[in-house]
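See below for the structure under consideration.
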Amino acid sequence: MEHGFSMNKLELKQIILDLLEQKWQIAQSSVQRAIESATDEETVPEHKYDTLALEASYLAHGQAKRLQECEQEISLFKELVMPQEPHCVVLGCLVSLLDVNEQRKWFFISPCAGGLKVAASEATVMLVTFDSPLGRALKSKNVGDEVIYRVAEAEHCYEIETIS
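Residue 142 in our numbering sits at position 156 of the sequence shown, and the numbers go up by one each step.
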């Protein structure tokens, strides 16, 4: 993706929503399988130390929570208002960063689903939330600002090239 290339953020939003819907469908299927397993006749305990039914019910509960999280992500993303001409990094921005080797990286400032990678146009865009170290470092910064953040023992340094 070239510096002057203008990615359509509404198309990007739709791609992300499609991925979140796929994630929801997988979670829905997992919940159904976990419920079937928890209620299957073969999981009925044969003796007091047989915990298969208990484990299956814990799994069903965990999968149901995961499904709720997927639903919440979809809802948050549908409600997201994309800024038209942001002057600094805010929620809904698409940001290009240059590393010390002049390699361009693209990030979308998202309310959820941080870490999700999206193949869009000619580049891969990673979703970043303000809860992440990079998101916190980017918040309210402007084009040309240096962004430094640390993860574990590694320090990362970027320059903000574009905000859209």
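Yeah, the Cβ is synthetic: ideal placement off N, Cα and C, and Gly gets one too.
Since the structure is predicted, the reported quantities are computational estimates derived from the model, not experimental observations.
Segment contact: the region 79 to 89 against the region 45 to 54, fewer than three CB-CB distances shorter than 8 angstroms; contact not assigned. Scanning its chain for C-beta atoms nearer than 6 angstroms, with the 5 sequence neighbours on each side dropped, one finds around phenylalanine 93 the residues Val81, Met112, Val114, in chain order. When DSSP reads this structure, histidine 47 sits in no beta bridge, so it has no partner. Distance from the CA of glutamate 59 to the CA of cysteine 98, rounded to the nearest whole angstrom, comes to 6 angstroms.
Collapsing the DSSP output to three states places valine 76 in coil.
A distance below 9 angstroms separates the beta carbons of isoleucine 2 and serine 96.
Apart from the 5 residues on each side of it in sequence, glutamate 141 sits with its Cβ closer than 8 angstroms to the Cβ of Ile134, Tyr135 in its chain, given in chain order.
The residue among Glu57, Glu65, Gln18, Glu55 with its C-alpha nearest the C-alpha of alanine 42 is Gln18. The beta carbon of valine 67 lies closer than 7 angstroms to those of Gly78 in the same chain, with the five residues before and after it left out. Apart from the 5 residues on each side of it in sequence, serine 150 sits with its Cβ closer than 6 angstroms to the Cβ of Leu80 in its chain, given in chain order. By the Cβ criterion, the region 112 to 132 is not in contact with the region 7 to 17, since fewer than three pairs of Cβ atoms, one from each stretch, lie closer than 8 angstroms. Non-local beta-carbon contacts of leucine 62 in its own chain, meaning distances under 8 angstroms to residues more than five positions away in sequence, involve Pro97, Cys98 in chain order.
Judged by DSSP secondary structure, leucine 113 falls outside any alpha helix (DSSP H) and instead within the beta strand (DSSP E) spanning 109 to 114. Valine 129 is bridged by DSSP to nothing; it lacks a bridge partner.
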